[in-house]
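Note that the protein sequences, when read in sequence, are chains W and C.
Each residue of the first sequence is one higher than the last, beginning at 1 in this note's numbering.
Each residue of the second sequence is one higher than the last, beginning at 278 in this note's numbering.
Ideal Cβ placement from N, Cα and C applies to all residues, glycine included.
The block underneath contains the structure these notes are about, expressed in structure tokens.
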Amino acid sequence: MSKITGDLSKEDRKMVNSIFLRSFTVFASCAGGAVKAGADGWLYSVQPALDRYYKGRPEDRADAMRRHTTWYNITQNVGTFAMGLVASMERENSTHDDFDTESIDAIKVSLMGPMSGIGDAIFWGVLRVIAAGIGINIAMSGSPLGAVIFLLIYNIPSILCRYYMTYLGYNLGTSFISTLYDGGLMKLITKATSTVGLIMVGAMTAANVRFSTVLSIPVQNSDPVLVQTYLDSIFKGLIPLAVTLVCLRLLKKNVNVNIILFGLMIFAFLMGLVGVM
Amino acid sequence: MLGLALMAWLTVVICYGGNWVLGQCMIERPIVVGLVAGILMGDIPTGVIIGASLEAIFMGAVNIGGAISAEPVTATALAVAFAVGAGVDQGTAVTIAVPVGVVTAFLSIAMNNVVLAFFTAPFDRMAANGNERGLAIQHYLLWFVKYAVFALIAFLGVYFGAEPVAAIVNQIPSNVTAGLNAVGSLLPAVGMALLLRMLWSPQLAVYFFLGFTVYEYLGMPMIAIAVVGVVIAVVSALRDKELFDMSKKAPAVRIEAASATTGVNDDEEAFFE
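Shown next, in the form of structure tokens:
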């Protein structure tokens with residue numbers, strides 16, 4: 001890991017650490033709403049770099065600040081990469097007169113899509129799902145440990161990633177991301193993480209979507225036949241699986257999620273009302 | 278009721294506001310909100326169990342790029358308050374929470390997109406003037422005011438809602454209660470489907486069925502299933518890496534392999550799409 005943090009001077013470290021700490025609040029206020037997204041948090045986070053490199057040049061500093069007021073949105077655990085990168089570009093800009101400041105904005109904008117893609121998939125699609133799956137199982141028995149374990153599983157990797165990404169961005173620059181993409185390595189990473197995610201969602205569907213019917217078919221001179229026993233002998237959890245896949249299919253057909261939510265609510269309610277469930 | 282309503286307000290401020298000032302650390306998830314509400318309202322087991330049930334339902338609802346389909350914090354806080362303070366049973370409290378989450382999501386979107394847009398001008402002006410101090414003050418002040426005001430929804434909901442809700446719930450006949458409990462059992466399907474949409478691809482879909490079957494028939498704990506999943510992912514990633522390196526060395530093989538995979542793709546897509 002020392003390779004990632006690099007051999008930075010004490011002053012460099014202080015600045016990068018400050019960016020790392022400030023980045024926790026990046027989406028705290030979102031002044032400007034949909035127009036700006038996290039722009040004000042972004043500016044607040046990279047401010048230590050601007051203050052350092054444009055020290056004693058208030059005109060240039062204000063100019064740089066204005067440059068960083070545009071729309072910003074990257075999954076925040078990986079977005080610190082862009083912050084570190086921009087900090088290093090501002091350093092170049094402050095020492096070279098011919099530096100093209102537009103490239104700073106261009107880099108930031110071009111990183112948003114791909115970085116959010118990786119970040120959302122890994123942190124929300126997989127890590128959070130694993131953490132929640134384990135947490136829910138424990139919490140269902142009423143134990144507060146479930147929430148604590150959920151937070152630990154999610155946050156330890158997430159904070160480490162945020163920290164090293166800041167350094168990585170400051171040290172490596174753009175070459176790193178483009179190597180990952182051009183080589184097609186990113187696809188491998190996405191595939192591996194999706195595999196784990198899908199297995200976990202499968203297990204959680206089995207654990208959390210529940211259906212059991214009390215319906216029975218009366219038989220003369222014998223015990224009534226329980227429908228649930230028959231369903232279980234075909235495949236355990238057949239109905240929950242079917243309901244989940246129908247929801248997925250509707251989502252894929254771009255049916256509004258709230259319609260699906262309320263549709264299923266009404267369906268389940270009627271099932272319970274007439275005594276099927 | 279005032280004390281309970283204040284606790285609901287505090288829960289939302291801590292969990293929703295705290296989440297966004299602490300790097301989206303997921304304390305806004307129902308599983309955590311349930312615990313916090315349980316501690317503040319003095320019934321930890323009830324809070325935790327309601328939180329866990331709602332977590333499964335709201336699983337797919339994350340704030341991705343500012344677009345949310347449900348806002349689970351107010352929903353969870355209200356559900357726990359109704360269960361603890363108004364004697365509503367847990368299954369019913371969970372069912373009440375779901376529409377609450379959908380409605381507050383609309384309010385949250387309105388707040389974020391419309392109200393906050395008014396701060397565009399001061400933000401731009403302060404940045405252009407290099408006013409770092411002003412920006413920092415606006416950053417934190419706006420954060421606090423935003424969530425303190427938003428949490429009023431939970432306060433009002435408990436203050437005015439708890440007694441009528443309790444009165445209505447106590448009159449409910451038993452088959453309606455069965456219906457409400459059925460809703461709680463099936464609704465997590467939507468949360469799971471939202472996650473699946475994000476991860477689903479025709480080639481990898483089989484792993485979903487693997488996870489389902491392993492839990493249903495073997496009853497393995499989640500952490501063990503996660504380890505099995507990581508093992509499978511690592512093994513197949515190493516193999517993919519080998520193939521990848523080979524195809525880089527021999528471009529001819531690469532084209533062949535690529536056309537082979539697309540062939541399989543078409544078949545499976547027809548089946549799964």
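Cutoff 8 Å: residue i Cβ touching any chain W Cβ
i: C:K526; result: no
i: C:N447; result: no
i: C:C292; result: no
i: C:S462; result: yes
i: C:E459; result: The identity of residue 459 of chain C in the sequence shown is Ala, whereas the question assumes Glu. With 8 Å as the cut-off, C:A459 counts as an interface residue toward chain W.
i: C:E440; result: no
i: C:A413; result: yes
i: C:G328; result: yes
i: C:A354; result: no
The alpha helix (DSSP H) enclosing residue i, as first and last residue numbers
i: W:S212; result: Looking at the DSSP string, W:S212 is not in any alpha helix (DSSP H), and its letter there is neither H nor E.
i: W:K55; result: Per DSSP, W:K55 belongs to no alpha helix (DSSP H) and is neither H nor E.
i: C:F489; result: 483-490
i: C:W420; result: 409-427
i: C:M499; result: 499-526
i: C:E332; result: 321-335
i: W:I239; result: 238-252
i: C:W297; result: 295-298
i: C:F400; result: 397-405
i: W:S364; result: Residue 364 of chain W cannot be examined here, being either before or after the span of chain W that is shown, 1 to 277.
i: C:G315; result: 307-318
i: C:A459; result: 451-463
i: W:A147; result: 145-172
i: C:Q367; result: 367-387
i: W:D105; result: 102-119
i: C:L281; result: 279-289
i: W:I138; result: 128-139
Three-way DSSP call (helix, strand, coil) for residue i in this model
i: C:A358; result: helix
i: W:A37; result: strand
i: W:V26; result: coil
i: W:L261; result: helix
i: W:V225; result: strand
i: C:L433; result: helix
i: C:G343; result: For C:G343, the pLDDT reaches just 45, beneath the cut-off of 50, and the residue's location in the model is therefore unreliable, although a value from the coordinates is still provided. Reduced to three states, the DSSP call for C:G343 is coil.
Residue-chain proximity (residue i, chain C), Cβ-Cβ < 8 Å
i: W:P48; result: no
i: W:S45; result: no
i: W:M297; result: Residue 297 of chain W cannot be examined here, being either before or after the span of chain W that is shown, 1 to 277.
i: W:I260; result: yes
i: W:F345; result: Any question about residue 345 of chain W goes unanswered here, given that chain W covers just 1 to 277.
i: W:I104; result: no
i: W:L152; result: no
i: W:P157; result: no
i: W:I285; result: Residue 285 of chain W lies beyond the range of chain W shown here (1 to 277); nothing can be said about it.
i: W:A87; result: no
i: W:C30; result: yes
i: W:I118; result: no
i: W:R52; result: no
i: W:Q365; result: The structure shown does not extend to residue 365 of chain W, since chain W is modelled only from 1 to 277, so the question has no answer here.
i: W:V257; result: yes
Closest residue to residue i among the options (Cα-Cα distance)
i: W:A192; options: C:L464, C:G315, C:A482; result: C:A482
i: W:K14; options: W:V46, W:N73, W:V196, W:G41; result: W:V46
i: W:G33; options: W:F81, W:A49, W:T69; result: W:T69
i: C:V392; options: W:K36, W:A62, W:S143; result: W:K36
i: C:M499; options: W:G119, W:I153, W:N17; result: W:I153
i: W:P144; options: C:I316, C:F489, C:V365, C:D366; result: C:I316
i: C:P349; options: C:P479, C:F383, C:L283, C:M318; result: C:F383
i: W:Y230; options: W:L241, W:L215, W:P240; result: W:L215
i: C:A510; options: W:P224, W:G263, W:G197; result: W:G197
i: C:A380; options: W:I159, W:A268, W:L261; result: It should be pointed out that residue 380 of chain C corresponds to Val in this sequence rather than to Ala. Selected option, being the one with the closest Cα: W:L261.
i: W:M112; options: W:M204, W:V16, W:G38, W:V257; result: W:G38
i: W:S94; options: W:S23, W:K55, W:L251, W:D7; result: W:K55
i: W:M115; options: W:M271, W:Y72, W:K252; result: W:Y72
Residues that residue i contacts on chain B, provided the C-beta gap is smaller than 7 Å
i: C:L476; result: Included in the structure are the protein chains W and C, with no chain B among them.
Residues of its chain near residue i, where Cβ-Cβ distance is below 7 Å and the 5 sequence neighbours each way are ignored
i: C:A370; result: I327, A356, F359, A360
i: W:T213; result: V227, Q228, V276, M277
i: W:F20; result: T80, R162, Y163, T166
Own chain partners of residue i with C-beta closer than 6 Å, once the 5 adjacent residues on each side are dropped
i: W:R162; result: N77, T80
i: W:M200; result: V129, I130, G133
i: C:G294; result: Y424
i: W:A211; result: First, the residue type needs correcting, since residue 211 of chain W is Phe and not Ala in the sequence shown. Correct list, in chain order: I239, P240.
i: C:L433; result: none
Close-in-space but distant-in-sequence residues of the same chain around residue i (CB under 8 Å, 5 per side omitted)
i: C:V309; result: C292, M303, G328
i: W:N137; result: G146, A207
i: W:M140; result: G146
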